[in-house]
Amino acid sequence: MTDSPAASRKIFMICQALRTAGVRATVISLGRGRQDGSGRYFHAKSVRINGIRVVYLPFLHRPILSELLSLVAFIPLMFRLSSSRGAKAALFYNRLPVYAFGIALARVLGFGTVLDLEDGETTLAASSVAGIRSRALRWYFDAMCNKGALLACSALDAFTSLRPVQCCYGTSEPKQLQRECNPSLISVLLGGTVSHETGAQLLIDAIRLLRAEQPAFAGKIQFDISGKGDCIEQFEALGATQARPAVVVHGRLTDDEYSALLRRTTVGLALKPNVGGLAYTTFPSKVIEFSSNGILVVSTDISDVRKVLQGAALYLSSEDPRELIEQLRWIVENPDEAGQLALRGAQAAESTCSPKLVGQSLAGFFFPAPAGRSR
183 MTDSPAASRK IFMICQALRT AGVRATVISL GRGRQDGSGR YFHAKSVRIN
233 GIRVVYLPFL HRPILSELLS LVAFIPLMFR LSSSRGAKAA LFYNRLPVYA
283 FGIALARVLG FGTVLDLEDG ETTLAASSVA GIRSRALRWY FDAMCNKGAL
333 LACSALDAFT SLRPVQCCYG TSEPKQLQRE CNPSLISVLL GGTVSHETGA
383 QLLIDAIRLL RAEQPAFAGK IQFDISGKGD CIEQFEALGA TQARPAVVVH
433 GRLTDDEYSA LLRRTTVGLA LKPNVGGLAY TTFPSKVIEF SSNGILVVST
483 DISDVRKVLQ GAALYLSSED PRELIEQLRW IVENPDEAGQ LALRGAQAAE
533 STCSPKLVGQ SLAGFFFPAP AGRSR
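Those letters in the sequence shown? Residues 183 to 557, per my numbering, in order.
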């Protein structure tokens, strides 16, 4: 019923990176979508995806029982994994209540426990139920994780007392896609969660301005929209007309379809607002995906994006649609310089996020060598 493709992609690429460092990685999935009350039951199963072992724990479509099953389904699997020889570590993606038994059992069975903190916490009233719950989860996970935390960006170190901490932005693709860009048409992609929270309204406003003012360069741009979110209907309305610049809404795509879209893409947008509590406590993982595939990134100047890509991207300092339009104008009018900037972006992503570098860094973090000894 629900999923998070960006989160899944990051976890799988981390596991593949760990394999390059000689670490055997297993993904445990709770399949914790919303139950529909039908009573359907899904047995646990084990599969391999791109060489990574994935264990899907059982799931039940029944109120209350569904949550209870997910809460305890870890137990037999953790006992089985604990029998493996050598040092073991368990990485928990964000502070989710459903991990409560699993993380406690991991500690008892001798696993090193690490928190993967992906997002900052919004400000909640201290007396509210949500505020009390958030503080309780923060205390519990900080108490139970004995090997520190991976952070999606550096500002998140203020949201946990765990130490040591290490930033992990994901990994760049190990294989570059064969580019199929149309030199006479600039394809600009906004993908993933297409919502107000990810800056989709900024692009909508920019498209409306371009259509109203009709500058000459606008006819050389096509906007491609993939994914889902609360702004999809507005893009569909824009795409239903023959006005320029063109808007094509692809919706949710399979992996193969998305790869084909990336091959045609010239510019990738990461437009999360650069104001508000979450502006600097989350990292737009799309910038690594775009850059590693030779796509020029246009991003709001948030989080650690500039730290990773440095000057190899175009940055927006505000949520003014005219600033975005000016960046797009420069790309259309300076194709050679834009291409060179995209190339430098690919090199920057590789220098920070290559699977080999990430794998070695994470292996050293999860399994640090004793003092005085090399790992």
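Note that the Cβ used here is the ideal one computed from N, Cα and C, for glycine as well.
Nearest-angstrom Cα separation, counted from residue j out to residue i
i: C520; j: L333; result: For the sequence presented, residue 520 should be read as Ala rather than Cys. Rounded to whole angstroms, A520 to L333 spans 31 angstroms at the Cα level.
i: F547; j: N276; result: 18 angstroms
i: P245; j: P503; result: 45 angstroms
i: D173; j: V290; result: The chain is shown from 183 up to 557; residue 173 falls before or after that span and cannot be answered.
i: G268; j: S533; result: 31 angstroms
i: L297; j: A340; result: 14 angstroms
i: F549; j: F283; result: 23 angstroms
i: V247; j: F224; result: Val is not the amino acid found at residue 247; the sequence shown has Leu there. C-alpha separation (whole angstroms): 13 angstroms.
i: L212; j: L435; result: 23 angstroms
i: R201; j: T353; result: 13 angstroms
i: A288; j: L239; result: 16 angstroms
i: R557; j: A551; result: Bear in mind that the predicted position of R557 carries a pLDDT of just 46, short of 50, making it unreliable; the figure below should be weighed with that in mind. So the two alpha carbons sit approximately 5 angstroms from each other.
i: M183; j: I470; result: For M183, the predicted structure reports a pLDDT of 44, less than 50, and the residue's modelled location is therefore unreliable. A value from the coordinates is still provided. Those two C-alpha atoms are separated by around 27 angstroms.
i: G433; j: I193; result: 23 angstroms
i: Q396; j: D387; result: 14 angstroms
i: V205; j: S228; result: 19 angstroms
i: K410; j: R230; result: 27 angstroms
i: G554; j: I196; result: Confidence at G554 is low in this model, with a pLDDT of 48, below 50, so its placement is unreliable and the value that follows should be read with caution. Approximately 28 angstroms, taken between the alpha carbons.
i: A312; j: F241; result: 26 angstroms
i: S500; j: V457; result: 9 angstroms
Residue from the options with nearest C-alpha to residue i
i: V514; options: L242, Q542, P365; result: P365
i: I484; options: D502, K468, V490, Y462; result: Y462
i: V479; options: A255, H432, A530; result: A530
i: A188; options: C349, V457, I368, S408; result: S408
i: G330; options: L273, T380, G292, V280; result: L273
i: P455; options: S377, P346, I314, E249; result: S377
i: P346; options: S310, G294, S369; result: G294
Check whether residue i and residue j have beta carbons under 9 angstroms apart
i: I210; j: L391; result: no
i: L544; j: L523; result: no
i: L385; j: L453; result: yes
i: G493; j: F472; result: no
i: A207; j: R235; result: yes
i: S474; j: A428; result: no
i: V431; j: I414; result: yes
i: S252; j: R216; result: no
i: A382; j: F417; result: yes
i: A199; j: K489; result: no
i: G302; j: T464; result: yes
Continuous beta strand (DSSP E) stretch holding residue i: start and end
i: S369; result: 368 to 372
i: K227; result: 227 to 231
i: T482; result: 478 to 482
i: V347; result: 347 to 349
i: L498; result: 496 to 498
i: G450; result: 449 to 452
i: I246; result: From DSSP, I246 is part of no beta strand (DSSP E); its letter is neither H nor E.
Delimiting residues of the alpha helix (DSSP H) encompassing residue i
i: V540; result: 537 to 548
i: D324; result: 311 to 326
i: C197; result: 187 to 202
i: I285; result: 282 to 290
CB contact below 9 angstroms: residue i versus chain D
i: F549; result: In summary, chain D is missing from the structure at hand, where a single protein chain is found.
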